[in-house]
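Chemist: Could you have a look at this structure, given as structure tokens, before my questions?
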Amino acid sequence: MEQTQKAHIFLLTISDLRYEANIHRKVQTLVRAGYQVEILCAYHSDLDLSPWKNIALTRIKLPGGPTFWRFFVFVIKSFLKIIRKKADLFIAYDYLPLAPLRLKSFFNQCKYVYDSVELLAGLNSLVNRPWRQKFWLRYERFGLQKCSASFTVCASDAEELQRIYPRLKVVGYVRNIPEYHPLPKSDFLRRRYAIPEQNKIGIYQGMIFEGRGLREILTACKDIDNLTLVFVGDGPLLNELKKMSEFYGIQDRVIFTGLIPFQKLGRYTASADFGFTVISGKGLSYYHALPNKLFEYIQAGIPVIGSNYPEIAAIIDKEKIGFTVDPHDIKGIQKAVREMLREDVYTQFKERLKRIALKYTWQEESKKYLRIIQSVFSEKE
Numbered sequence: 144m145e146q147t148q149k150a151h152i153f154l155l156t157i158s159d160l161r162y163e164a165n166i167h168r169k170v171q172t173l174v175r176a177g178y179q180v181e182i183l184c185a186y187h188s189d190l191d192l193s194p195w196k197n198i199a200l201t202r203i204k205l206p207g208g209p210t211f212w213r214f215f216v217f218v219i220k221s222f223l224k225i226i227r228k229k230a231d232l233f234i235a236y237d238y239l240p241l242a243p244l245r246l247k248s249f250f251n252q253c254k255y256v257y258d259s260v261e262l263l264a265g266l267n268s269l270v271n272r273p274w275r276q277k278f279w280l281r282y283e284r285f286g287l288q289k290c291s292a293s294f295t296v297c298a299s300d301a302e303e304l305q306r307i308y309p310r311l312k313v314v315g316y317v318r319n320i321p322e323y324h325p326l327p328k329s330d331f332l333r334r335r336y337a338i339p340e341q342n343k344i345g346i347y348q349g350m351i352f353e354g355r356g357l358r359e360i361l362t363a364c365k366d367i368d369n370l371t372l373v374f375v376g377d378g379p380l381l382n383e384l385k386k387m388s389e390f391y392g393i394q395d396r397v398i399f400t401g402l403i404p405f406q407k408l409g410r411y412t413a414s415a416d417f418g419f420t421v422i423s424g425k426g427l428s429y430y431h432a433l434p435n436k437l438f439e440y441i442q443a444g445i446p447v448i449g450s451n452y453p454e455i456a457a458i459i460d461k462e463k464i465g466f467t468v469d470p471h472d473i474k475g476i477q478k479a480v481r482e483m484l485r486e487d488v489y490t491q492f493k494e495r496l497k498r499i500a501l502k503y504t505w506q507e508e509s510k511k512y513l514r515i516i517q518s519v520f521s522e523k524e
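First residue of the sequence shown: 144, per the numbering used here; consecutive thereafter.
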């Protein structure tokens, strides 16, 4: 396919590239397939440019302050950056870049696709906020009017997006799965944070937000003395979780690492004993969630305690690599943790993880991603 081999793809995102492994995987896949790739993104002075050296970056400075104002500035500045930009295909990574691309289409024709990394209609932050939800859904609908195609992160989201927008061509889903790199078990966390030898390590990695089951995890584990919790990430709940750990008197068994660049995250994951992905938020976006941390745990060979929501449970229960729990049931989470600490149970999970190590990898999932991108190029206008 000589024509697509030389095509120019321009991806727009407001995401922070310092912590965006998903974007990095996708654009590197496109580069290896022969595409010329450019990214428009937010400016961060401390971004390590070395992982992006074969990608042209157009970075725009955004203000601090209210999120809505930051979003508005992104829409205006990105539109002005791309209005005369030529590319064979534009990709809106998440919903915010949709409007700049739709506005661009008024002035010159452009082909663009929607990489829907979260189901906007089901976002936890919009539940019980009808006016805000109505605004953002109208925003999304406006941006999709000239969109060539869309894809999501799981089958459930793809079905729901197609239901909401019957005229939109939803061409499938691409799961947010890491590239496979062997991660040998290490004592990195134990050494770095002086964790006692007798303590097992339970890890949560991701944003410290509402709807991630973090309060429930902390409360469920407060009476399990031979367990250290490690929270890798940052967000608005961080101070509350720190205060909770102090209130429970377990601050010596709860570690907060802050944000870790994605290139360094693997050694944290591989030095834990098991991982949490106890999504608990309201809305279909969380109910359908298939977090990349689930696959990061699998590749690191550590068992998982996850929500009994359909996409998460379909993998944990099918592969028998951990426990699924009601994310609001603190006693149920505690019971799962205590079971996880049983040597015989834990050993069985570890053996199953070895057998599926190569099953969930970006090396396999990237083939689906390329097929979707190539199918857009093969369509006639």
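Even glycine gets a Cβ: it sits at the ideal position worked out from N, Cα and C.
Can you tell which of 194, 170, 157 and 167 has the C-alpha that lies nearest to the C-alpha of residue 206?
Modeler: The residue with the shortest Cα to Cα distance from residue 206 is 157.
Chemist: In whole angstroms, give me the CA-to-CA distance for residue 277 and residue 260.
Modeler: The straight-line gap from Cα to Cα measures roughly 19 Å.
Chemist: Residue 405 and residue 385: beta carbons closer than 8 Å?
Modeler: Their beta carbons are not under 8 Å apart, which means residue 405 does not touch residue 385 by this criterion.
Chemist: Would you list, in sequence order, the uninterrupted beta strand (DSSP E) runs of no fewer than 3 residues that lie entirely inside the region 373-460?
Modeler: Qualifying beta strand (DSSP E) stretches, in chain order: 397-401, 417-420 and 447-450.
Chemist: Do the region 492-505 and the region 291-302 make contact, defined as three or more Cβ pairs closer than 8 Å?
Modeler: Verdict: no, contact absent.
Chemist: For residue 463, collect the residues of the same chain with a Cβ closer than 6 Å to its Cβ; drop the 5 residues on either side in sequence, then sort them by chain order.
Modeler: Cβ within range, chain order: 495.
Chemist: Give me, in chain order, the residues of the same chain whose beta-carbon lies closer than 6 Å to that of residue 479; leave out the 5 immediate sequence neighbours on both sides.
Modeler: The answer, listed in chain order, is 448, 466 and 468.
Chemist: Ignore the nearest five residues each way along the sequence and tell me which others in residue 349's own chain have a CB closer than 6 Å to its CB.
Modeler: Same-chain partners within the cutoff: 376 and 436.
Chemist: Less than 8 Å between the beta carbons of residue 360 and residue 411, yes or no?
Modeler: Against a cut-off of 8 Å, the Cβ pair of residue 411 and residue 360 comes out as no contact.
Chemist: Mapping the DSSP letters down to three states, classify residue 503 as helix, strand or coil.
Modeler: In this structure, residue 503 counts as coil in the three-state DSSP scheme.
Chemist: Within the continuous alpha helix (DSSP H) that includes residue 184, where are the two ends?
Modeler: Taken as a continuous stretch (DSSP letters only), residue 184 belongs to no alpha helix (DSSP H), being part of the beta strand (DSSP E) at 179-185.
Chemist: In whole angstroms, what separates the C-alpha of residue 147 from that of residue 367?
Modeler: Here the model assigns residue 147 a pLDDT of 43, short of 50, so the residue's position is not dependable, and the following value carries that caveat. C-alpha separation (whole angstroms): 56 Å.
Chemist: Helix, strand or coil: which one does DSSP assign to residue 145?
Modeler: With a pLDDT of only 43 at residue 145, under the threshold of 50, the placement of this residue in the model should not be trusted; the figure read from the coordinates follows. Three-state result, residue 145: helix.
Chemist: Following the continuous alpha helix (DSSP H) through residue 307, name the residue where it begins and the one where it ends.
Modeler: Note, residue 307: alpha helix (DSSP H), 298-307.
Chemist: Let's see if you can read the secondary structure: which residues bound the alpha helix (DSSP H) around residue 477?
Modeler: Looking at the DSSP string, the run of the alpha helix (DSSP H) that includes residue 477 is 473-483.
Chemist: Out of 402, 455, 363 and 433, which one is the CA nearest neighbour of residue 472?
Modeler: Residue 363 is the option with its Cα nearest to residue 472.
Chemist: Going by alpha carbons, who is nearest to residue 514 out of 153, 159 and 294?
Modeler: Checked all of 153, 159 and 294; the closest Cα to residue 514 is 294.
Chemist: Cα separation between residue 153 and residue 313?
Modeler: So the two alpha carbons sit approximately 20 Å from each other.
Chemist: Short of 8 Å in beta carbon distance, which residues of its chain neighbour residue 451, apart from the five on each side in sequence? Order them along the chain.
Modeler: Within the same chain, residue 451 has close Cβ partners 467, 468, 469 and 470.
Chemist: So, residue 232 versus residue 257, is the Cβ gap smaller than 8 Å?
Modeler: Not in contact: residue 232 and residue 257 (Cβ atoms no closer than 8 Å).
Chemist: Within a Cβ cutoff of 6 Å, which residues of the same chain sit near residue 331, ignoring the five residues on either side of it in sequence?
Modeler: Correct list, in chain order: 410 and 414.
Chemist: Checking 8 Å against the spacing of the C-beta atoms, do residue 280 and residue 264 come in under that value?
Modeler: Yes, the pair counts as a contact, with Cβ atoms nearer than the cut-off.
Chemist: May I ask you to report which of helix, strand or coil DSSP gives residue 260?
Modeler: Residue 260 falls in the coil class under three-state DSSP.
Chemist: Taking the straight line between their C-alpha atoms, what separation do you get for residue 434 and residue 420?
Modeler: Spanning the two alpha carbons is a distance of roughly 8 Å.
Chemist: Using 8 Å as the threshold, is the C-beta distance between residue 352 and residue 370 below it?
Modeler: Taking 8 Å as the Cβ cut-off, residue 352 and residue 370 do not qualify as a contacting pair.
Chemist: At which residues does the beta strand (DSSP E) containing residue 151 begin and terminate?
Modeler: Start and end: 151-155.
Chemist: In three-state DSSP terms, what is residue 272?
Modeler: Residue state, collapsed to three classes: coil.
Chemist: What residue range does the alpha helix (DSSP H) around residue 244 cover?
Modeler: Where residue 244 is concerned, the enclosing alpha helix (DSSP H) stretches over 241-250.
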